[in-house]
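J.:
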Amino acid sequence: MHLSKLRIENMRLFKKPVTINLHKGLNLLVGENGCGKSTVIDAIRMLLNESEFSHKGITAEDFNSSGCAENTSPCRLFIIGVFSELTDEQKVEYLTWLNHNFDARLNVEYLHSTNVRGNYKQKRWGGCSSNSAFDWEPLNDIQCVYLPALRDAERYLRAGRGSRLSRLLTNLSADELKEKRKNKEKMELETEVAAFNHTIEQKTDIERANKLINDSLKESAGSVFAQSTSIRFNELSYERIVESLQLLFSNELDVKEDTAFFSLCENSLGYNNLIYIATILAEFEGLKEKYSSPRILLVEELEAHLHPQLQIKLLKYLSKQAAEHDIQVIITTHSAILAAATPINQIICFNRCKDGISITPISKCELENDSENFINRWLDATKSMLLFSKGNIFVEGIAEAILVPKLAEIYLKSKGSLGVTSLEDAGVSVINLNGIYFQHFIKMYSGYRISIPEQEERETKTAYKERVDEFKKKNSFAEGEFRKVKYIKVKCAVITDNDPVDNQEKFINPDNGEEVVKKEPATPTKDNCLPSGNPQIYLKEQLENMTDNCRVYSNLKTFEYDLAIESHSNARIMLEIILDLITTNGDIADKAQKYIDEIDKEKREDEFSINDAEMALFILKQIDSSYLGKGLFAQLLCDKIDDSFIVPDYICKAIDFVLGLEENNG
0 MHLSKLRIEN MRLFKKPVTI NLHKGLNLLV GENGCGKSTV IDAIRMLLNE
50 SEFSHKGITA EDFNSSGCAE NTSPCRLFII GVFSELTDEQ KVEYLTWLNH
100 NFDARLNVEY LHSTNVRGNY KQKRWGGCSS NSAFDWEPLN DIQCVYLPAL
150 RDAERYLRAG RGSRLSRLLT NLSADELKEK RKNKEKMELE TEVAAFNHTI
200 EQKTDIERAN KLINDSLKES AGSVFAQSTS IRFNELSYER IVESLQLLFS
250 NELDVKEDTA FFSLCENSLG YNNLIYIATI LAEFEGLKEK YSSPRILLVE
300 ELEAHLHPQL QIKLLKYLSK QAAEHDIQVI ITTHSAILAA ATPINQIICF
350 NRCKDGISIT PISKCELEND SENFINRWLD ATKSMLLFSK GNIFVEGIAE
400 AILVPKLAEI YLKSKGSLGV TSLEDAGVSV INLNGIYFQH FIKMYSGYRI
450 SIPEQEERET KTAYKERVDE FKKKNSFAEG EFRKVKYIKV KCAVITDNDP
500 VDNQEKFINP DNGEEVVKKE PATPTKDNCL PSGNPQIYLK EQLENMTDNC
550 RVYSNLKTFE YDLAIESHSN ARIMLEIILD LITTNGDIAD KAQKYIDEID
600 KEKREDEFSI NDAEMALFIL KQIDSSYLGK GLFAQLLCDK IDDSFIVPDY
650 ICKAIDFVLG LEENNG
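Residue 52 in numbering that gives the first Met the number 0 is what sits at position 53 of the sequence shown, and the numbering runs on without skipping anything.
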């Protein structure tokens, strides 16, 4: 039994009803600030009457202000929780909560109207009928623990009534304690504390101090009014004894008799958080055999006070505990490290869109196994930024990852006052895929999934595979050939190379009569575009026809080639970098200098004699050479270019799309 669905209406950011689908085990809520992750956590606390929340109650700020302003009658804050996969035993326990699907439904409604005590009126009911009487026992059996973002673990672990440690010990001993009380017997711990009190009273220094206090008290108050004192540990009940116990820590794992332990106030915030979480999980484990009801752990910003390695270690531990001990763990995070360490299907994305907040469990994107496995292997702390951004530009390699943000600044500056001066300002991430693997990631954002045709009778595996491959590359799909799925409502653009196939010339070797194939690199121009050799380029037209959320942009050949052929001023800057890195004179240096001289001459005399394609190809070959390389060249070019650098049109279009500027351009 687990909380599978949460519906929130008129609470904080959520004016209109919003539904969140949750998984068994681990749920990681990721997204930018102010998109409702904490609201979801607090809605669960309200729904389950979590202990800390039940003491505070709700405030006026918990109601959506515009939602209440539009209602003449007292507006309501409404939360529904649906619990799925109940056992037969649980169906009996939660009988009054069951709906027609035999799921348990819990409802809570708060009215924006206070009673005589100043508390907001509320109503709870199970199932679909609000007229049924509410039985609190099933709700009280649900164990829900909340860890706030700015948590003071030391305070929660401090000795005292209701401390986490005392609750753990009391719950672990509940059956024995009940039996002892029934038989009017003492717990073993109570007997031992009483015996210890008797022992210390016999100590000379304690006995002497006790006598001095009693004598002084008798003399000051007189024999009629005086009281007696005794120096000892209080002979308390079991509950009071465990409330006086405190957790200590040691940095040594191999604990011995002489191992030193220290107060938690001397420990780090991060390690105290770990200790606190450990006590909660221990309490959950201790109660597992007594209760079949759900156990839910809510954690805001798990990464608080923890260095990266500990973040990952704790996350994996919680995930393991959730799976093995049937605990539902719901975590909010801004940590790209935690997002990268979590299986993609356990992530729920929160995004701000024009029409409000979009919440997308990636499991509902229906990724195929190969795409899901690829993304899980591929995500790291840098690349997982795509889950937190307001837009994504996927690129093939390091050169694009370095230069596209700089090119965007130049382009946006040329556009004038847009209010956005960079991709960073707009919350857009440039994601380096180190290849053309974007088809896997586009599936999280496209909103459609192809319905693969079935293999026909007597069709060979090879023939079927070829037919499916052709089917996937269709420009569009008719009804029945695809289905709509959930998607992350963040615009994504792909900048990829056109990669035209090299020119091939076949001839017969006159010496041996064998056929020889001579290859020459393709040299496309603006007036002579060549067919693409990029195996993923089919998505360019398909996405245009099937979704408004994703686009693919390409140009003539490769990124560097396209920059060079865009203008002679671009090419000159790139040639200067090549010359700066050549340490000896030779043909390459001479040719680079010759191109620079021709560009300068052309500018002076307004005569065009340069073969742009040949010059762009020369620049590309030098960038690809062993003495340079794309990464180094991109860094040097990024430092050298200024506002005069001409940004190719296909890159401008990608920027326009992901920023939504194309809509403003008509």
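Virtual Cβ for every residue (Gly too), placed ideally from N, Cα, C.
1. What are the start and end residues of the alpha helix (DSSP H) that includes ARG603?
2. Could you tell me which whole beta strand (DSSP E) segments of length 3 or greater appear in the segment 418 to 462?
3. Are LEU27 and ILE347 touching if we call contact CB-CB under 8 Å?
4. Here's the rule: buried if 16 or more other CB atoms are within 10 angstroms of the residue's CB, otherwise exposed. What is THR331?
5. Could you check how far apart the C-beta atoms of ILE650 and ASN569 are, in whole angstroms? I think they sit under 8 Å.
6. Determine the DSSP secondary structure at ARG482, reduced to helix, strand or coil.
7. Check PHE101 in the structure and name its three-state DSSP category.
8. Give me the residue from LYS488, HIS439, ALA653, ILE356 with the minimum Cα distance to LEU12.
9. On a Cα-Cα basis, can you pick out the residue from HIS1, SER65, GLY24, LEU76 that is closest to THR38?
10. In the DSSP assignment, find the beta strand (DSSP E) that holds CYS637 and state where it starts and stops.
11. So, for LEU46: in the same chain, excluding its five sequence neighbours on each side, which residues have a beta-carbon less than 7 Å away from its beta-carbon?
12. Would you mind listing the beta strand (DSSP E) stretches within the segment 278 to 316 that are 3+ residues and don't spill past its ends, in chain order?
13. Just the C-alpha distance for ILE141 and GLU92, rounded to the nearest angstrom, thanks.
14. At which residues does the alpha helix (DSSP H) containing ALA398 begin and terminate?
15. Is VAL192 helix, strand or coil by DSSP?
16. Am I right that SER450 and GLY479 are in contact with their C-beta atoms under 8 Å? What's the rounded C-beta distance?
17. Does DSSP put THR614 in a helix, a strand or coil?
18. Answer yes or no: do LYS629 and ILE622 have a C-beta to C-beta separation smaller than 8 Å?
19. What do you get for ASN194, buried or exposed, if any count of 16 or more other CB atoms within 10 angstroms of its CB means buried?
20. Round the Cβ separation of ASP498 and THR557 to the nearest angstrom and send it over; I've been treating them as touching at under 8 Å.
21. Determine the DSSP secondary structure at ARG75, reduced to helix, strand or coil.
22. Using beta-carbon positions only, say whether GLN327 and HIS1 come within less than 8 Å of one another.
23. Under 8 Å between the Cβ atoms of TYR447 and THR359?
24. CA-CA distance, GLU8 and THR18?
25. So, at 6 Å on beta carbons, what are the nonlocal neighbours of LEU658 in its own chain, with the 5 sequence-adjacent residues on each side left out?
26. Out of ARG6, PRO647, VAL29, state which residue places its alpha-carbon closest to the alpha-carbon of LEU337.
27. Among all the DSSP beta bridges, which residues are the ones paired with GLU10?
T.: Result, derived from the coordinates:
1. Its alpha helix (DSSP H) spans residues 586 to 604.
2. Qualifying beta strand (DSSP E) stretches, in chain order: 427 to 431, 447 to 449.
3. yes
4. Under the 10 Å beta carbon count, THR331 is surrounded by 16 or more other beta carbons and is classified as buried.
5. Actually they are not in contact, since the Cβ atoms of ILE650 and ASN569 sit about 12 Å apart, beyond 8 Å.
6. strand
7. Reduced to three states, the DSSP call for PHE101 is coil.
8. ILE356
9. LEU76
10. Run containing CYS637: none in the beta strand (DSSP E); it sits in the alpha helix (DSSP H), 629 to 639.
11. ILE78, GLY80, LEU105, VAL107
12. 294 to 299
13. 12 Å
14. 397 to 414
15. helix
16. 7 Å
17. The identity of residue 614 in the sequence shown is Met, whereas the question assumes Thr. Helix.
18. yes
19. Checking the sequence shown, residue 194 turns out to be Ala, not Asn. Per the 10 Å Cβ criterion, exposed.
20. Indeed, because the Cβ distance is near 7 Å, the residues count as touching under 8 Å.
21. strand
22. yes
23. no
24. Taking the straight line from one Cα to the other gives about 9 Å.
25. Only ALA425 meet the Cβ criterion.
26. Checked all of ARG6, PRO647, VAL29; the closest Cα to LEU337 is VAL29.
27. This sequence places Met at residue 10; Glu is not what is there. BP columns for MET10 point to PHE13, PHE62.
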